[in-house]
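**Student:** The following block contains the structure, expressed as structure tokens.
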Amino acid sequence: MTNNTKGTLDWSLKDSKGNVIGSGSLAAGKGFTNTYNTLSKGKYKLKVTHRNGGSGSFYAAARTLD
């Protein structure tokens, strides 16, 4: 994920059962990569919020390896 806003983003990733898989914050202009080695099949929900309610964009990508 990459934060292209001018403020801090908070994020959380949940599985299809609502369990939190990961969460954190990301400063303006920063990025990171997380690797999850064992996840169950299903839909996941990524929630991203801007701490100050500001505007801007972020980039998020997900990939799977079989």
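If you're matching positions, the sequence shown starts at 19 in this note's numbering and goes up one per residue.
In this text, a Cβ means the ideal position worked out from N, Cα and C, and glycines have one as well.
Just checking my contact of R81 with T26 at CB under 8 Å: how many whole Å lie between their CB atoms?
**Tutor:** Reading the sequence shown from its first residue, position 63 is the one you call residue 81. Reading the sequence shown from its first residue, position 8 is the one you call residue 26. Wrong, their Cβ atoms sit about 25 Å apart, outside the cutoff.
**Student:** Under the three-state reduction of DSSP, which class applies to G49: helix, strand or coil?
**Tutor:** By 1-based counting over the sequence shown, the position of residue 49 is 31. Assigned with DSSP and collapsed to three states, G49 falls in strand.
**Student:** Just the C-alpha distance for S34 and G47, rounded to the nearest angstrom, thanks.
**Tutor:** Taking the sequence shown and counting its residues from 1, one reaches residue 34 at position 16. Taking the sequence shown and counting its residues from 1, one reaches residue 47 at position 29. When rounded, the distance between both Cα atoms is 30 Å.
**Student:** Go through its chain and collect everything with a Cβ distance to T67's Cβ below 6 Å, but skip five positions before and after it.
**Tutor:** Taking the sequence shown and counting its residues from 1, the one referred to as residue 67 is at position 49. Taken in chain order, the residues that qualify are D28.
**Student:** Are the beta-carbon atoms of T23 and G49 separated by less than 8 Å?
**Tutor:** Counted from its first residue, the sequence shown places residue 23 at position 5. Counted from its first residue, the sequence shown places residue 49 at position 31. No, the Cβ-Cβ distance between T23 and G49 is not below 8 Å.
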